[in-house]
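Going by full-length UniProt numbering, the first residue of the sequence shown is number 1, and it counts up by one from there. First the structure, in the form of structure tokens, and then the observations on it.
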Amino acid sequence: MITDVIIRVLAQHWPAILLSVFVGWLVRNRYHNGLNKYPGPFLASLTDWWRFIDVYKRRPEVTHIALHKKHGPIVRLGPNTLSFSDPEAIKTIYGLNKGFVKSDFYVVQQSTVKGHNLPSLFSTTDNDFHMQFRRCVNSAFAMSALVQYEPFVDNTTKLFLKQTEKLYIGEDGEAKACDFTRWLQFYAFDVIGEITYSKRHGFIEHNEDIDGIVSYLTKLFNYVAPIGQIPLLDRLFLKNPLYLKLSQWGLIDGTMPVAAFARARMAERLPALQTEKAAILPTSEKPASLKVATPDLLSKFLAARTARPQFMTDTLVQTMAVSMAFAGSETTAISLSAVFYYLLRTPHALARLRQEIDEAARQGRFSDYETGLVTWQEAQTLPYLDACVKEAFRLHPAPGLPMERIVPPQGMEITPGVFVKGGTIVGVSAWVLHRDESIFGPEVEEFKPERWFVDEEVVKKVEVEGGDEEAKRKREEEEKRIKTMNGHMLQFGMGSRTCIGKNISLLEIYKLVPSLLRRFEVSLLSSFSFQCLVVGGFGNWKEVANEKKQNRSNSMIRAESGRLLMLGLLSRITLLRGLR
Numbered sequence: 001m002i003t004d005v006i007i008r009v010l011a012q013h014w015p016a017i018l019l020s021v022f023v024g025w026l027v028r029n030r031y032h033n034g035l036n037k038y039p040g041p042f043l044a045s046l047t048d049w050w051r052f053i054d055v056y057k058r059r060p061e062v063t064h065i066a067l068h069k070k071h072g073p074i075v076r077l078g079p080n081t082l083s084f085s086d087p088e089a090i091k092t093i094y095g096l097n098k099g100f101v102k103s104d105f106y107v108v109q110q111s112t113v114k115g116h117n118l119p120s121l122f123s124t125t126d127n128d129f130h131m132q133f134r135r136c137v138n139s140a141f142a143m144s145a146l147v148q149y150e151p152f153v154d155n156t157t158k159l160f161l162k163q164t165e166k167l168y169i170g171e172d173g174e175a176k177a178c179d180f181t182r183w184l185q186f187y188a189f190d191v192i193g194e195i196t197y198s199k200r201h202g203f204i205e206h207n208e209d210i211d212g213i214v215s216y217l218t219k220l221f222n223y224v225a226p227i228g229q230i231p232l233l234d235r236l237f238l239k240n241p242l243y244l245k246l247s248q249w250g251l252i253d254g255t256m257p258v259a260a261f262a263r264a265r266m267a268e269r270l271p272a273l274q275t276e277k278a279a280i281l282p283t284s285e286k287p288a289s290l291k292v293a294t295p296d297l298l299s300k301f302l303a304a305r306t307a308r309p310q311f312m313t314d315t316l317v318q319t320m321a322v323s324m325a326f327a328g329s330e331t332t333a334i335s336l337s338a339v340f341y342y343l344l345r346t347p348h349a350l351a352r353l354r355q356e357i358d359e360a361a362r363q364g365r366f367s368d369y370e371t372g373l374v375t376w377q378e379a380q381t382l383p384y385l386d387a388c389v390k391e392a393f394r395l396h397p398a399p400g401l402p403m404e405r406i407v408p409p410q411g412m413e414i415t416p417g418v419f420v421k422g423g424t425i426v427g428v429s430a431w432v433l434h435r436d437e438s439i440f441g442p443e444v445e446e447f448k449p450e451r452w453f454v455d456e457e458v459v460k461k462v463e464v465e466g467g468d469e470e471a472k473r474k475r476e477e478e479e480k481r482i483k484t485m486n487g488h489m490l491q492f493g494m495g496s497r498t499c500i501g502k503n504i505s506l507l508e509i510y511k512l513v514p515s516l517l518r519r520f521e522v523s524l525l526s527s528f529s530f531q532c533l534v535v536g537g538f539g540n541w542k543e544v545a546n547e548k549k550q551n552r553s554n555s556m557i558r559a560e561s562g563r564l565l566m567l568g569l570l571s572r573i574t575l576l577r578g579l580r
């Protein structure tokens, strides 16, 4: 029988057969969807393990920048993955109603409760679900809502400034070590906790990782970044059927620390939900009134639940509350660290920003001369601050990986003359796009806040040489250049999937930076340098010792009277005797 022959051949030649199948799989990957015509690392065209290893090394943005410099606007990063740097690509990939959906990279980032995936606004791959979800909560994140949240930010910022002085300025002037990046992360966590639940987690008060939330997130991001390159692995690990089933049966409690905090806050306000229907909520805490003195995000989510109960379920309310801690703290902390880092690395920029703050103080444009707190409206009158923040966003956008989307089934022309078949994963890296000289001008690796202003010297020169009309035309060109730069910033994403918490993040950044600089002078210590490590798709800072191999214990420098030395951003911070 033919089956006997097949079995005999398989038994005798299985090594060769397996090798043939493996080679065939590699060849299939190499020529999949006709992507072999696009340049990139040869190994990347054969297997996604190339991407996995590159991300695991935690510097993929460096790889992507180098590959685009070498190969041009399109680079193949995997058997089914293309990276674009052409500015035209972002209009197609992230434009409204184009039919692109997020890839399974985002499914890896979905949390689970009782064995069920909880897609959030960020991690859902269903555009219709995202549209309905966002419609429920969109008003809570509008720019007009910022005035409601500013008191929450004020409370935490005042405490942060007070604790900074209390914890890190010795009465005898002796220096104390401080991981400033971690300190800023504590700040971001407590701010988002107060905005969301009217209750801080307690990071700043206790100067420690409350309930291991930060360390848990670090481990989680260490997992999702490389695993997201091969999402199938997630189904073998955290989302394997056995693990999920055991979780459903209550034999495994995979509840994240931040989720437990969110559940407790929900239980305080939802006494009617201590039922099987809302089993994700705890039953041990005594519920309190639904009313809060000042509306916070949770109260708005609950209002959305009341308005649209058929969609906004208790589970989605919890998902929204938990996701605020993830996205609302990590990305803001990264951006704050970047702003301070580049300011400290660029003395003339820091000096000019200080001068702007000093001038505003002399003109009486600040209302708080007791704590040094700068309001949102006051921060909007500081154009150089705005330029510094934008330049930090440009050089160090929080997303460290391309924002992946799947081409619609019918295929799509991504850029003029470049048609990509349906099912292909495409994306643009903010790190690559933000270094496009055709958009952002020369010296893209340099921190130059001045690039965000009209070049008045050039305009005056044109006026002298060509008259008023030529000067007017040149000014319009400069304004168009700045508008173009603003239109190609991807730090918060683009299109319908733009980060919903963008305005809250900006509120924190624009308030803390000038408030801190009003009270402290900051300078970098020279015994360390920095490198950026991408964790969970986000790029964060880590200090590394220079060749002198100094460690924290012997890098502390005796401070002069009234001085504060901070390690972490490797900074020396001097307490000002009078507020700016």
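Glycine residues also receive a C-beta, built at the ideal position from the N, C-alpha and C atoms.
Compute the Euclidean distance between the alpha carbons of residue i and residue j, then round it to the nearest angstrom.
i, j, result
"Q310", "A304", "11 Å"
"S337", "F261", "26 Å"
"L517", "R354", "7 Å"
"R30", "L77", "12 Å"
"H44", "P408", "The sequence given here places Ala at residue 44; His does not occur at that position. The straight-line gap from Cα to Cα measures roughly 23 Å."
"A259", "N117", "14 Å"
"R308", "V317", "12 Å"
"A351", "L344", "10 Å"
"F100", "D48", "21 Å"
"M320", "Y106", "16 Å"
"L19", "H434", "44 Å"
"F538", "G400", "Low confidence applies to F538: its pLDDT is 49, below 50, so where it sits in the model is not reliable, and the reading given next is rough at best. Going from the Cα of F538 to the Cα of G400 covers about 5 Å."
"M494", "D104", "19 Å"
"D126", "R519", "47 Å"
"I82", "L167", "Residue 82 is actually Leu in this sequence, not Ile. Near 48 Å, if we compare the C-alpha coordinates of L167 and L82."
"G467", "F453", "21 Å"
"A140", "A188", "19 Å"
"A16", "D4", "19 Å"
"L233", "S247", "19 Å"
"A142", "F22", "52 Å"
"G202", "V224", "27 Å"
So residue i is in the alpha helix (DSSP H); what residue range does that whole segment cover?
i, result
"R76", "Element bounds for R76: not the alpha helix (DSSP H) but the beta strand (DSSP E), 74 to 78."
"M412", "Taken as a continuous stretch (DSSP letters only), M412 belongs to no alpha helix (DSSP H), being part of the beta strand (DSSP E) at 412 to 415."
"T112", "Unbroken run through T112 is the beta strand (DSSP E), 111 to 113; no alpha helix (DSSP H)."
"T81", "Where T81 is concerned, there is no enclosing alpha helix (DSSP H), although the beta strand (DSSP E) it sits in stretches over 81 to 84."
"L316", "314 to 345"
"H68", "60 to 71"
"F22", "2 to 30"
"I504", "502 to 519"
"I230", "Here I230 belongs to no alpha helix (DSSP H), and DSSP marks it neither H nor E."
"W249", "No alpha helix (DSSP H) contains W249, which DSSP labels as neither H nor E."
"D128", "127 to 137"
"N486", "468 to 487"
Thinking just about the alpha-carbon of each residue, which of the options is nearest to the one in residue i?
i, options, result
"K300", "P79, I17, A145, E463", "A145"
"K245", "E476, R481, K114, N503", "K114"
"W376", "E268, H130, E150", "E150"
"A349", "T381, E391, M312", "E391"
"N80", "I6, F520, L512, Q229", "Q229"
"P402", "S139, W431, S111", "W431"
"residue 582", "T294, I414, R28", "In the structure as shown, the chain starts at 1 and stops at 580, and residue 582 therefore has no counterpart that could be examined."
"Y94", "L270, C499, S515", "C499"
"G328", "V62, L184, L161, F180", "L184"
"F180", "T112, E194, L161, K91", "L161"
"K158", "S515, V522, E521", "S515"
"V458", "M131, V444, R473, E446", "R473"
"F447", "P347, R51, S120", "P347"
"T255", "P231, V224, L220", "L220"
"R394", "A361, G40, G417, E445", "E445"
"R269", "P397, P231, T196", "T196"
Between which two residues does the beta strand (DSSP E) harbouring residue i extend?
i, result
"F419", "418 to 420"
"G427", "425 to 428"
"H116", "116 to 118"
Residues in its own chain within less than 8 Å of residue i by CB, not counting five upstream and five downstream?
i, result
"I509", "T332, S335, L336, V339, V389"
"L46", "L26, N29, R30, P79"
Please go through the same chain and pick out, in chain order, the residues whose beta-carbon is closer than 7 Å to the beta-carbon of residue i, but skip the five residues on each side of it.
i, result
"R365", "E378, T381"
"L10", "I17"
"P257", "D211, G212, I213, Y216"
"D54", "P60, T63"
Within a Cβ cutoff of 6 Å, which residues of the same chain sit near residue i, ignoring the five residues on either side of it in sequence?
i, result
"N551", "Here N551 scores only 34 on pLDDT, less than 50, and its place in the model is too uncertain to base an answer on."
Inter-stretch contact at 8 Å, needing at least 3 Cβ pairs: the region 414 to 429 / the region 19 to 35: Segment contact: the region 414 to 429 against the region 19 to 35, three or more CB-CB distances shorter than 8 Å; contact assigned.
Mind the definition here: the region 84 to 100 touches the region 211 to 221 only if three or more C-beta pairs lie below 8 Å; say whether that holds. Output reads no: the region 211 to 221 does not touch the region 84 to 100.
Contact between the region 440 to 460 and the region 471 to 484 is defined here as three or more beta-carbon pairs at a separation below 8 Å; is this criterion met? In this structure the region 440 to 460 lies against the region 471 to 484, because at least three pairs of beta carbons, one per stretch, are closer than 8 Å.
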